[in-house]
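J.: Sharing a structure, written as C-alpha cells. Questions coming.
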Amino acid sequence: MNRPSAPTIALVLACLAALLLACFHRVFFDDHQFAYRDAAHYYYPLYERVQREWSEGRWPLWEPEENSGMPLMGNPTAAVLYPGKVVYGLLPYAWAARVYIVGHVALTFVAMLALMRSWGTSWVGSGLSALSYAFCGPILFQYCNVIYLVGAAWLPLGFLAVDRWLRNGSRMALAGLAVVLAMQALGGDPQAAYLLGLCALGYAAASARTGGRAFRDEAPDEPVRPSGGRKVVALVLLGMAAWTAVTLVVAAYAPGLRPPHPSDQPTPALPWMLWAPKAVPLAWAVAIAFYFGRKKPTAARRTLWRLTVGLGVAGALAAAITAAQLLPVIEFTQQTVRAAAEGPHEIYPFSVEPFRVVEMFWPNAFGSYFHGNASWIDLIKLSEERGKVWTPSLYLGGAIVLLALPALAFRRGRATRVWLSWIVAITLLGSFGQFTSPIWATRLAAKTLHLGTPAVGPLDPVREPPLRKDGYLRDGDGGLYWAMTTFLPAFRQFRFPSKLMTFSVLGLAALAGLGWDDLVRGRSRPVKRLAAGLVGLSAVAFLAAFLGLDALFKTLGTSTLSSAFGPFNPTAARRETLAGLAQAAAVAAAVFGVAKLAARRPAAAGAAVLVLLTADLAWANRAMIATAPQSMFEVEPEVLKVIKAAEAEKPADGPYRIHRSPVWNPVGWGTKSSPDRVRDFMQWERDTIQPKYGINLGVEYTHTIGVAELYDYEWFFGGFPYSTSPEFAVALKIKPGEKVVYFPRKSFDMWNTRYFILPSATNDYMDENRGIASFLFDTEIVHPRREEGPETPEVVAKAKEWVETKDYQVRRNRREYPRAWVVHAAEPLTRISGLTRGDRAGPMQDIMYDDQDPIWRDPNRVARDLRQVAWVEADDATDLAPYARRSPVRASEKVRVAYPRSDRVELEATLETPGIVVLADVYYPGWKLTIDGRPAPIYRINRMMRGAAVEAGTHRLVFSYEPDSFRVGLMISAAGLAATLGLAAFAVRRPRSPLPWIDVSRGAA
984 MNRPSAPTIA LVLACLAALL LACFHRVFFD DHQFAYRDAA HYYYPLYERV QREWSEGRWP
1044 LWEPEENSGM PLMGNPTAAV LYPGKVVYGL LPYAWAARVY IVGHVALTFV AMLALMRSWG
1104 TSWVGSGLSA LSYAFCGPIL FQYCNVIYLV GAAWLPLGFL AVDRWLRNGS RMALAGLAVV
1164 LAMQALGGDP QAAYLLGLCA LGYAAASART GGRAFRDEAP DEPVRPSGGR KVVALVLLGM
1224 AAWTAVTLVV AAYAPGLRPP HPSDQPTPAL PWMLWAPKAV PLAWAVAIAF YFGRKKPTAA
1284 RRTLWRLTVG LGVAGALAAA ITAAQLLPVI EFTQQTVRAA AEGPHEIYPF SVEPFRVVEM
1344 FWPNAFGSYF HGNASWIDLI KLSEERGKVW TPSLYLGGAI VLLALPALAF RRGRATRVWL
1404 SWIVAITLLG SFGQFTSPIW ATRLAAKTLH LGTPAVGPLD PVREPPLRKD GYLRDGDGGL
1464 YWAMTTFLPA FRQFRFPSKL MTFSVLGLAA LAGLGWDDLV RGRSRPVKRL AAGLVGLSAV
1524 AFLAAFLGLD ALFKTLGTST LSSAFGPFNP TAARRETLAG LAQAAAVAAA VFGVAKLAAR
1584 RPAAAGAAVL VLLTADLAWA NRAMIATAPQ SMFEVEPEVL KVIKAAEAEK PADGPYRIHR
1644 SPVWNPVGWG TKSSPDRVRD FMQWERDTIQ PKYGINLGVE YTHTIGVAEL YDYEWFFGGF
1704 PYSTSPEFAV ALKIKPGEKV VYFPRKSFDM WNTRYFILPS ATNDYMDENR GIASFLFDTE
1764 IVHPRREEGP ETPEVVAKAK EWVETKDYQV RRNRREYPRA WVVHAAEPLT RISGLTRGDR
1824 AGPMQDIMYD DQDPIWRDPN RVARDLRQVA WVEADDATDL APYARRSPVR ASEKVRVAYP
1884 RSDRVELEAT LETPGIVVLA DVYYPGWKLT IDGRPAPIYR INRMMRGAAV EAGTHRLVFS
1944 YEPDSFRVGL MISAAGLAAT LGLAAFAVRR PRSPLPWIDV SRGAA
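In terms of this note's numbering, the sequence shown is numbered consecutively and its last residue is 1988.
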C-alpha cells in the first residue's frame, strides 16, 4: 500500500466536505428537510412512528394506523433494529432524519475509500472512487429511498470482506462479512445482501477454478493485458443467437401453450412456470450436491468447497444476527401478495432505458425536471407505457468513466479487476430489465418500421397486468432480468431492475481508481484517446443539439411531455442539454490535460483530478437534493382540520378509519409551471394526508399501498371493471352500461371507514387513480361544500380553480360499520388453503357483496348484513355454534373499543345472549386474547377480522400482540451475536484458513 501523503489525504477530505456542503447545505443551515418522493411521505413518518414506540419504552412491534393494523417489526422498510437508527434516540427527530441520510452518504464514501485502500490503490485513486460512488446520481438520489442508500453504504465493506476471505483466507473477514450482510438486511435492503452473496460466490468459483492464479501472479504496477479471446466472443454471440431464436419461437407459440384456467390454480404464462419457484431451488440443490459429491474430488472442488462453506458461515451468522427482525419479516411477507401462488408478479417497473447510458458521459443529457419540466426523455419511447424513473441521473463524473473504461478486463489482469468488470457488465445489462429481451426488441422494431404486428405479438399495452390478457408473453420475458428472476432462487421476491445499478456504479467507481494508478504508471494513451474522443463527440452533439433540438421538439410534438412538474419547457430543456454537453466536453478536455501531466507530475495531476471531479459532481448532481422548510412538516394538514370540524359537528361513536385514494395530483399542475414543484408536492400531499403522513397525527388508514400488503386483506379492496345500473349511470353522467372501475364499497364500510378523501373530479371512471364512482353513493360531501345560489361565472371559476390547484374532496360515509360489534349468527366459509385465487374468489365475493349497491348487481348472489351474521372458517363452525343461535342483535348489545397502546386493544362488550364479538382489525399471527383475565381463542371472522366467543353479560376483552416470531428471533439473534464474537476471537488466534495460493511464509497471497 502506498505511503500516505498528508496533503493528498487532506485534499480528499476537503473534497468530501465540499460535496457534502454543496448537496446538503440547506438541510443543515436553512432548517430544511428532505421533501421528495418516499423521503417525505414514507420514511419520515414511518421512522417517527418507530421512534415513538422506542420513546415509550416498548419494542416497535405493531402499527395499528394502516391497513387495519400491520406488523411494524415485520415491515422490512421500517428497519426497526438497525443499529444506525440510534441517532433517532440521540437527536431531535427532525435533525436525526437529516443526519441519518447525510451520515449514510458519508459512510458510503468512507466504505469505498477503505475498499480501495485495501487493494493498495493510491490515495488519489481511492479518493476518486469514493467521491464518485457516494455522489453519483444512482447512489446520491437514494436519499429519497434511504433503505437502498443504507445497502449501498455497507456494500464496499462487503466487497472488502469477500476479497480478504478469498485472497488471504482471513477468518476475521468472515465475521466482518456477517456484520455487513446483517447491517444491509436490518437497514431494509436484503436484496443488496443477496446480490453481494451472488458476487462472492462468483468470485469464489473463478478463484477456485483458476487456482488463485490472479492472486499469485498479480503485481500492483502491472498494466492490464489485452483480454483477447475471440473464441469466447464467438461462443457468446452464438449462444445469444440461439437464445434469441428459442425465445422468439416460444413467444410466437405462447398463446397456444398457455393452459386453460383451472378452478383451483392460477394460470401461468407457460405451463412450467407454475412450478418454477419450487423447482429452481431443488435443481440448484441437486446440481450442487452432484458437483461436490463426485468421487475423486479435484483440488479446485476442494478449494471451492472451503471457500463456499466460509461464505455460507458468514451468511448463516448474518441470518442469525438479524433473526429478531428477519423472522417477523418472513412471517409477514409470506402472507402478502408477493408470496401469492398466482404466477408471475410485476417485475419490470423502473427498467433503465439502455439509451440512458449516455448520461454517464453527459450530465442531464435529456434535460431535468427539478426546476420546471425541462425533461424530454419521454420523446424516446421504447414501450407503450411511460417510463418510470428510478433516478433522474446516471452521472458518475466524466473523469470516472474515462478512467474506468480502459481498466476493464474480463479474462486477464488483477483478480479484483476481472471481478469488478464482470459485475459491471452483468448488473448494467440486468438493470435494463425488460429492454434486454429479444421479444421486446422484435416488437419495437416492427412498430418503428411499420411492419405490422409480429408473430410474437405487439408491445405490452398500457396498464397491462403481469399476465397479458391476449396470451402473449410480456415484453421483458426472455431477457437477462427475466432469467435472474426465474433461475435465481427467491430473486422474484425483489422488485425493480434499477436497483442493480448500485453494483454497476460501484464497479465503475472502483475501476476508475485502479485506472488512475495505471495512468500514473504511464498507461495514459487509452485515457487520452477516450478523452479526445469524448471532446469531439460532445462538440458534435452540442452542435447538433444547438441547431436541431428545437426542430426535433416541433417535429415530434411535446404535448405528451407535460407532467406533474408542469408543461414542457422546450427552451429550458434545450438549455439543460447544451449545458450538459458543454460540461462533458470541458471535463473531457481537462482529463486529457491531466493524463498528459500524470506521469511527470503525479501530485499536481492528482490534486487537479480530485478538484475536477468534485466540481463536476457538485455542478451536475446537487440539484437532485430537493428539500422544503421543516416547518411544513409540522403544521396540521388541511384535511385533518376539515375532518376535525366535521367531527365537532357530528361526532363518531368510536374510533374510525379514513380512506385516501392512493395516487393522484391536481389536474392543473400539468398545465401550469411552478418555481418549486417539489415543495408543491410535499405541501399538497401532506395537506391531503397521503399515506404515511397521517400515521403520527391520529389518522387510521383503511387501505394503503406500501412495500407489501396482506394477500387476504388486499382482496377486499381490489378494483375491477363493472357496468353501472342505468339509474346510477345518469347520476355519474355516463352512458347506461358504460363500465367504471369498481372498488367493493361494502369492504370499506365493514372496515370502519368514516371518511373518503378523493379526487375532486374525474373525466375517466375507468382510471384506477381517479375512479371514484364507488364512493359517491350513500356519502355526503364535507369539503368543499358547494355555495348556495345560482351558478354564476364567479362560482364556476372558483370551482375550476379548486380542481386545478387543490383537487380533493372529503366525503363522509353514511354506511360505516362500527369498529366492533356483536352478532348471533354465523355462516361457514368454503375451506381456503394457501395463497391461491381460485380458493378465494367465491367466498370473498360472498363476503363483499351488497345487493343495495348501485354498481355491483348480481342476481345469483345473496347479500348478508355482516352486522347480523359473521362468516366463520369451516373448521371453527362447530366451536362457534353455541354462540350463533341466530337470535336478533339488540340495541343494548354494544362494544366499546380503546387502544391504550399500539400492541393492545381493550373492548368492553355487553351481550344479552351468548354471541360473537367482531373486531374490525386484521387477523394476524401473534395476537392473544383474554376475556375477563382468562385466555381465550381468537377466531378468524369475515376472513380477515378478529372474533371472540363471548357469553352473555358485560365482559372485558383484551387483545395483545405477543408474536412468537419475535421472541424466538430475539433468542437466535443473541446466539448469532455470540457466535460471531466467537468467530472473531478464534480469528485472532488462528487468523487464516489455508488456501492453495497463500504463501505461508508471507501469510498472504
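Where a beta carbon is used, it is the ideal one built from N, C-alpha and C, also for glycine.
Computed from a predicted structure; not experimentally measured.
(1) Which value, in whole angstroms, describes the spacing of the CA atoms of Gly1496 and Phe1338?
(2) How would you label Met1223, buried or exposed, when you count the other beta carbons within 10 angstroms and need 16 or more for buried?
(3) Would you mind sorting Thr1671 into buried or exposed? The rule is 16 or more other CB atoms within 10 Å of its CB.
(4) Taking the straight line between their C-alpha atoms, what separation do you get for Glu1683 and Leu1693?
(5) Anyone know if the C-beta pair for Ser1870 and Gln1792 falls short of 8 Å?
(6) At a cut of 8 Å, does the segment 1537-1550 reach the segment 1649-1662 through at least three beta carbon pairs?
(7) Where do the N-terminal and C-terminal ends of the beta strand (DSSP E) with Leu1890 fall, by residue?
(8) Between Val1107 and Thr991, is the Cβ-Cβ spacing less than 8 Å?
(9) Could you check the C-alpha separation between Pro1260 and Phe1470 for me, to the nearest Å?
(10) Excluding five sequence neighbours on each side, which residues of the same chain lie with their C-beta closer than 6 Å to the C-beta of Arg1035?
(11) List the DSSP bridge partners of Gly1350.
(12) Leaving aside the five residues before and after Ala1000 along the sequence, list all residues of the same chain whose C-beta is less than 6 Å from its C-beta, in chain order.
(13) Within the same chain, show all residues whose beta-carbon is closer than 6 Å to that of Pro1245, passing over the 5 residues directly before and after it, in chain order.
(14) Just list the residues that DSSP pairs Phe1739 with in beta bridges.
(15) Per DSSP, which residues does Gln1317 bridge with? Please list them.
(16) Trp1884 bridges to which residues according to DSSP?
(17) Is it true that the CB of Leu1377 sits closer than 8 Å to the CB of Gly1563?
(18) Can you check which of these residues, Pro1054, Leu1535, Arg1147 and Pro1448, is closest to Pro1977 by C-alpha distance?
(19) Since I believe Tyr1866 is in contact with Ala1932 (beta carbons under 8 Å), could you give me their beta-carbon distance rounded to a whole number of angstroms?
(20) Starting from Thr1913, follow the beta strand (DSSP E) in both directions and report where the run begins and ends.
(21) Gly1986: buried (16+ other C-beta within 10 angstroms of its C-beta) or exposed?
(22) Go ahead and pull the three-state DSSP assignment for Val1207.
(23) Drop a sphere of 10 angstroms on the beta-carbon of Phe1273, count the other beta-carbons inside from all chains shown, and report buried for 16 or more, exposed for fewer.
(24) When DSSP labels each residue in this structure, what does Leu1693 get in the three-state scheme?
(25) If you reduce the DSSP assignment to three classes, tell me which class Arg1150 lands in.
(26) Taking the straight line between their C-alpha atoms, what separation do you get for Arg1879 and Ala1803?
(27) Using three-state DSSP, classify Gln1016 as helix, strand or coil.
(28) Which residue comes first and which comes last in the beta strand (DSSP E) that contains Leu1596?
(29) For the pair the segment 1916-1925 and the segment 1852-1865, tell me if three or more CB-CB distances fall below 8 Å.
(30) Assign Glu1810 to one of three DSSP states: helix, strand, or coil.
(31) Measuring alpha carbon to alpha carbon, tell me which residue in Glu1945, Ala1881 and Gly1898 is nearest Leu1912.
(32) Just reading off the alpha helix (DSSP H) that Gly1898 is part of, what are its end residues?
(33) In three-state terms, what does DSSP make of Trp1373?
(34) Between Ala1202 and the rest of its own chain, which residues show a CB-CB distance below 7 Å, the 5 nearest in sequence each way excluded?
(35) CB-CB under 7 Å to Leu1178, same chain, minus the five flanking residues each way: which ones, in chain order?
(36) Since Val1999 and Val1650 are thought to touch, with beta carbons under 8 Å apart, how far apart are those beta carbons, to the nearest angstrom?
T.: Reading it off the structure:
(1) Residue numbering aside, residue 1496 sits at position 513 when the sequence shown is read from its first letter. Residue numbering aside, residue 1338 sits at position 355 when the sequence shown is read from its first letter. About 26 Å.
(2) For the purposes of this step, residue 1223 is taken as the residue at position 240 of the sequence shown. Exposed, since its Cβ has fewer than 16 Cβ neighbours within 10 Å.
(3) Residue numbering aside, residue 1671 sits at position 688 when the sequence shown is read from its first letter. Result: buried.
(4) Here residue 1683 corresponds to residue number 700 of the sequence shown, with the count starting at 1. Here residue 1693 corresponds to residue number 710 of the sequence shown, with the count starting at 1. Answer to the nearest angstrom: the Cα atoms are 17 Å apart.
(5) As a working mapping, residue 1870 is identified with position 887 in the sequence shown. As a working mapping, residue 1792 is identified with position 809 in the sequence shown. No, Cβ-Cβ distance for Ser1870 and Gln1792 is not below 8 Å.
(6) yes
(7) For the purposes of this step, residue 1890 is identified with residue 907 of the sequence shown, where counting begins at 1. That run of the beta strand (DSSP E) goes Arg1887 to Leu1894.
(8) Working through the sequence shown from its first residue, we reach residue 1107 at position 124. Working through the sequence shown from its first residue, we reach residue 991 at position 8. Against a cut-off of 8 Å, the Cβ pair of Thr991 and Val1107 comes out as a contact.
(9) To locate residue 1260, count along the sequence shown from 1; it is residue 277. To locate residue 1470, count along the sequence shown from 1; it is residue 487. Cα-Cα distance, rounded: 9 Å.
(10) Here the question's residue 1035 lines up with position 52 in the sequence shown. Taken in chain order, the list of residues that qualify is empty.
(11) For the purposes of this step, residue 1350 is identified with residue 367 of the sequence shown, where counting begins at 1. In DSSP, Gly1350 forms a bridge with Ser1358.
(12) Indexing the sequence shown from 1 puts residue 1000 at position 17. Correct list: empty, nothing qualifies.
(13) As a first step, residue 1245 must be located in the sequence shown, where it is residue number 262. Only weak support exists for where Pro1245 lies, its pLDDT of 47 falling under 50; the value from the coordinates is given anyway. So no residue of the chain qualifies.
(14) Sequence index remark: in the sequence shown, residue 1739 carries index 756 (1-based). In the DSSP output, where bridge partners are listed per residue, Phe1739 has His1642 and Arg1794.
(15) Residue mapping note: residue 1317 aligns to position 334 of the sequence shown, counting from 1. None, per the DSSP bridge assignment.
(16) The count along the sequence shown starts at 1 and reaches residue 1884 at position 901. A quick correction: the sequence has Arg, not Trp, at residue 1884. In DSSP, Arg1884 forms a bridge with Arg1887.
(17) For the purposes of this step, residue 1563 is identified with residue 580 of the sequence shown, where counting begins at 1. For the purposes of this step, residue 1377 is identified with residue 394 of the sequence shown, where counting begins at 1. No; because the gap between Cβ atoms is not below 8 Å, this pair is not in contact.
(18) Residue mapping note: residue 1977 aligns to position 994 of the sequence shown, counting from 1. Per the Cα distances, Arg1147.
(19) Numbered from its first residue, the sequence shown carries residue 1932 at position 949. Numbered from its first residue, the sequence shown carries residue 1866 at position 883. Rounded, the Cβ-Cβ distance is 5 Å, consistent with contact.
(20) Along the sequence shown, read from residue 1 onward, the residue named residue 1913 stands at position 930. Its beta strand (DSSP E) spans residues Trp1910 to Ile1914.
(21) Reading the sequence shown from its first residue, position 1003 is the one you call residue 1986. Any answer about Gly1986 is weak, because its pLDDT of 48 lies below 50 and its placement is not dependable; what the coordinates show is given next. Exposed, because fewer than 16 other Cβ atoms sit within 10 Å of the Cβ of Gly1986.
(22) What you label residue 1207 is simply residue 224 of the sequence shown in a count that begins at 1. At Val1207 the pLDDT is 47, less than 50, meaning the model places this residue with poor confidence and gives no usable figure here.
(23) For this step, residue 1273 is matched to residue 290 along the sequence shown. Classification of Phe1273: exposed, given that the 10 Å Cβ count is below 16.
(24) Taking the sequence shown and counting its residues from 1, one reaches residue 1693 at position 710. Strand at Leu1693.
(25) Within the sequence shown, numbered from 1, the residue matching residue 1150 stands at position 167. Three-state result, Arg1150: helix.
(26) In the sequence shown, the residue the question calls residue 1879 occupies position 896. In the sequence shown, the residue the question calls residue 1803 occupies position 820. Spanning the two alpha carbons is a distance of roughly 7 Å.
(27) For the purposes of this step, residue 1016 is taken as the residue at position 33 of the sequence shown. If DSSP states are grouped into helix, strand and coil, Gln1016 belongs with the strands.
(28) What you label residue 1596 is simply residue 613 of the sequence shown in a count that begins at 1. Looking at the DSSP string, Leu1596 is not in any beta strand (DSSP E); the run it does join, the alpha helix (DSSP H), is Pro1585 to Asn1604.
(29) yes
(30) On the sequence shown, position 827 is the one that residue 1810 refers to. Reduced to three states, the DSSP call for Glu1810 is strand.
(31) On the sequence shown, residue 1912 is found 929 positions in, with the first residue counted as 1. If we check each option's Cα against that of Leu1912, Glu1945 comes out closest.
(32) The residue labelled residue 1898 in the question sits at position 915 within the sequence shown. It is not in any alpha helix (DSSP H) - Gly1898 instead sits in the beta strand (DSSP E) that spans Gly1898 to Val1905.
(33) Your numbering for residue 1373 matches position 390 in the sequence shown. Trp1373: coil per DSSP, three-state reduction.
(34) Indexing the sequence shown from 1 puts residue 1202 at position 219. Confidence is the limiting factor: at Ala1202 the pLDDT is only 48, short of 50, which leaves the residue's position unreliable, though a coordinate-based value still follows. Taken in chain order, the list of residues that qualify is empty.
(35) Counted from its first residue, the sequence shown places residue 1178 at position 195. For Leu1178, where only same-chain residues beyond five positions count, the Cβ hits under 7 Å are Phe1486.
(36) The question about residue 1999 has no answer here: the residues shown for the chain are numbered 984 through 1988.
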